[in-house]
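Just so you know, the sequences run in chain order A, B and C. One rule links them: number in the working numbering = place in the first sequence (from 1) + 36. One rule links them: number in the working numbering = place in the second sequence (from 1) + 34. One rule links them: number in the working numbering = place in the third sequence (from 1) + 68. Cβ coordinates follow ideal geometry from the N, Cα and C atoms, glycine included. To keep things clear, I will list the structure first and then write my remarks on it.
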Amino acid sequence: MSKYIVSVIQNIGHRVIESIWRLGVGSRFFLLVLLKSGTSLRRFNLVIRELYFTGVLSLIIIVVSGLFVGMVLGLQGYETLQKYGSESAVGTLVALSLVRELGPVVAALLFASRAGSAITAEIGLMKATEQLAAMGLMAVDPVARVVAPRFWAGVISMPLLAAIFSVMGVLGGYLVTVVFIGVDQGTYWSQMQSAVDFRFDILNGFIKSCFFGVAIAAIAVFEGYDAPPTAEGVSGATTRTVVTSSLAILGLDFILTAFMFRGVS
Amino acid sequence: MSSENLIEINDLNFSYNTRAILKGVHMTMPRGKVISIMGGSGSGKTTLLRLISGEIRPSAGYVKFSGDVVHELSRDKLFKLRRKMGMLFQFGALFTDLSVFDNVAFQMREHTDLPESMIRDLVLMKLDAVGLRGAHHLMPNELSGGMARRVALARSIALDPSLIMYDEPFTGLDPISLSVIGNLIRRLTDTLGMTSIVVTHDVQKSLKIVDYVYFIADGVIAAEGTPKEVMESTAPFVHQFIHGEEDGPVPFHYSGQSYRQDLDLGDTRV
Amino acid sequence: MQRTTLDLWVGIFVIIGIAALMILSLKVGNLNLSGSTQSYVITGNFENIGGLKVRAPVKSAGVVVGRVTNIQFSTQTYDAIVTMDMDSRFLFPKDTFASILTSGLLGEQYIGLSAGGEGVMLKEGDKIMKTNSAMVLEELIGRFLFDKASE
């Protein structure tokens, strides 16, 4: 029995040490990517190419999800607010929830599973098929040539996608509450505008999405580059990217929210 | 060093953790020759290639590439040196996100400032040399295994290297593709004046095209010689390897405790 | 994919993204690019601010003329000091009356200004002398019951 307890504790200790060690390796790799970003910024074409895969190909899912999330928010918000006779505040509810939280967070979660996993799988597969080694032997640094452009494309795409998500959400809310239910459209916009502040809500939401972009892109490229060069290795790394970045997004969101909105309102 | 030797390997040792993989290897590779390194799976052939390209550092001894000791070079110098080396990976390792044309143009675009029109001419020349000029617009996933290997070959000669290393170039090819690759290795070596190192265990094919053969077993050079000498060799290891016999100096059984012990029959030996 | 098509798509993506940011800032966030810097700060002491919050609007005749930027408690006078950022297009006389009002029965609270008649205008750093506290529902009900009882 005591043997069993010891082995459980050992197991916990092993996992903790392992994850801290991995965090260290990941951070070092992150710094390495930043240091070697010179090439991708000088040859911006490399980043543009990756922007297509991370940004443009994520557009559809972001637009559709944003629209539906906004529509649901409008419907639920209207149902609840109606009970208190303040259905005119539905615009405020939709806009504030989207701009402050749902826009950056949901867009980031979608982005992690759409683009983050693709980045990991691609880099992992390039490693497994010796493409990265071949590049190294051609005297081209794979971190500078393959990893850094994908990282920066992720960092640039994320805030733009989050903004698109929020706008689509506001439009979705408008569609449901104004067009279908019949809330006055002037009220919808004016209530929204008087409650949403540029500095506190929109800028903070934007900053959040930038943080999420860096986190997702860094996790995705690290997991890909670190993946064992086998089929199971790559699939495991892809799963880890989605899980780790989702957790990172939610954790970061809490920390950032605590910093940004403490003492306000 | 003498000018006709591109590579000199002296007393090269390498161990992975505590497991010794290479134990004192000596080799010389003259310019303009095709040299084959043969040996069973896991005998350290690929490790040798990685030592030559400077990917890993030897634990003792050195590799000299046209006079420079590879593992003593700075990172910048090593990268410069690697531009003189081409490498053909086992399955080609083409960049899957680039077209055939862009794969071959990759190094020219990364390392030179040549105008695009000149790159185009050079790429088509290299592709022509491997007979795939017409396939320049295809993506790697549209190629057969043999074609991918040829494109990879065109890519590795893109900057006219003085050395090309082939890591198991014949694996998984049909007999026709195999002949094509084999003849290409010979022809490119002769016409471009390069040195080629072919790591392989395809004995019959490689003996037809190479100038000199090294056999590696257990981290040392077990035998060496020209193809003719090797074919006529009576050394038991070489004989076993060339004729593909199951048991011999290279045992069929991995060493371990006796079979009877493993099956728990009790040790009946006296 | 052709380089030019790819560039085109990425261009479209970036333009849509930036347009979304602009829409958020201007349409949703109501960022006023022209007059956002032109403002002056005034303060007012209130006995009870009720549920007034930072960023609540300051209105006069129902038009938003400024915003509450800070609320502090004064240990000298034991009341609340409310700082307001006023749009400099709108100037108010020195004897303007400020009261805390509620939009609707349970809506958000805001500061309502009713202009006085004096010729001297409020300027940066001035203090509104005439203020009226928020109506607290409990007090109202209490007073109503008290009045009923005394009838």
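Check: Residues, ordered as in the chain, of the region 124 to 136 of chain B that lie near chain A by beta-carbon distance below 9 angstroms; Outcome: Q124, F125, G126, A127, L128, F129, T130 and D131
Check: Cβ of S128(C) within 8 angstroms of any chain D Cβ; Outcome: The structure shown contains no chain D; the protein chains it does contain are A, B and C.
Check: Cβ-Cβ distance between P265(A) and A164(A) below 8 angstroms; Outcome: yes
Check: Extent of the continuous alpha helix (DSSP H) to which R85(A) belongs; Outcome: F80 to T90
Check: DSSP-derived helix/strand/coil call for H60(B); Outcome: strand
Check: Three-state secondary structure assigned by DSSP to R135(C); Outcome: strand
Check: Beta carbon proximity, M228(B) to chain A, threshold 8 angstroms; Outcome: no
Check: 8 angstroms Cβ cutoff, R220(B) in contact with chain A; Outcome: no
Check: V247(B) - containing beta strand (DSSP E), residue span; Outcome: Y246 to A251
Check: Own chain, CB closer than 8 angstroms to I215(B), minus 5 neighbours either side, in chain order; Outcome: G180, R183, R184, L187, P203, F204 and L207
Check: The region 61 to 79 of chain B touching the region 222 to 242 of chain B, judged by at least three CB pairs closer than 8 angstroms; Outcome: yes
Check: Residue-chain proximity (F165(C), chain A), Cβ-Cβ < 8 angstroms; Outcome: no
Check: For A257(B): DSSP bridge partner residues; Outcome: F249(B)
Check: Listed by chain order, chain A residues near V136(C) by CB distance under 8 angstroms; Outcome: Within 8 angstroms Cβ-Cβ: nothing; V136(C) doesn't reach chain A, min ~11 angstroms.
Check: Per DSSP, cross-strand counterpart(s) of D102(B); Outcome: F99(B)
Check: Short Cβ contact (8 angstroms threshold) for G209(A) with G110(A); Outcome: yes
Check: Contact set for K118(B): own chain, Cβ-Cβ below 6 angstroms, skip 5 residues either direction; Outcome: P195 and S196
Check: Residue(s) in a DSSP beta bridge with V114(C); Outcome: First, the residue type needs correcting, since residue 114(C) is Phe and not Val in the sequence shown. Bridge partners of F114(C): A148(C).
Check: Residue from F275(B), R221(B), Q274(B) and H273(B) whose Cα sits closest to the Cα of G165(B); Outcome: R221(B)
Check: Residue-chain proximity (Q118(A), chain C), Cβ-Cβ < 8 angstroms; Outcome: no
Check: K216(C), buried or exposed, once every other Cβ within 10 Å from all chains shown has been counted against 16; Outcome: exposed
Check: Contacting residues, own chain, Cβ-Cβ under 6 angstroms from T146(B) (five flanking each side not counted); Outcome: none
Check: Where A267(A) falls, given that 16 or more other Cβ within 10 Å makes a residue buried; Outcome: exposed
Check: Within-8 angstroms CB hit, G85(C) to chain A; Outcome: yes
Check: The region 104 to 118 of chain A touching the region 204 to 218 of chain A, judged by at least three CB pairs closer than 8 angstroms; Outcome: yes
Check: Cutoff 8 angstroms: H105(B) Cβ touching any chain A Cβ; Outcome: no
Check: Helix, strand or coil at T268(B) according to DSSP, with G and I counted as helix; Outcome: coil
Check: DSSP state of R221(B) mapped onto helix, strand, coil; Outcome: helix
Check: R53(B) - DSSP class collapsed to helix/strand/coil; Outcome: strand
Check: Beta carbon of I117(C) nearer than 8 angstroms to that of T164(C); Outcome: no
Check: Any chain A beta carbon closer than 8 angstroms to R123(C); Outcome: yes
Check: Rounded separation between D136(B) and T275(A) - CA only; Outcome: 31 angstroms
Check: Residues of its chain near V179(A), where Cβ-Cβ distance is below 7 angstroms and the 5 sequence neighbours each way are ignored; Outcome: L68, V69 and K72
Check: Check whether V136(C) and K162(C) have beta carbons under 8 angstroms apart; Outcome: no
Check: Neighbour-count burial assignment, K79(B), 16 or more Cβ in a 10 Å radius; Outcome: buried
Check: Residue-level contact to chain B via CB, L337(A), 8 angstroms cutoff; Outcome: Because chain A spans 37 through 301 in this model, residue 337(A) falls outside it and cannot be assessed.
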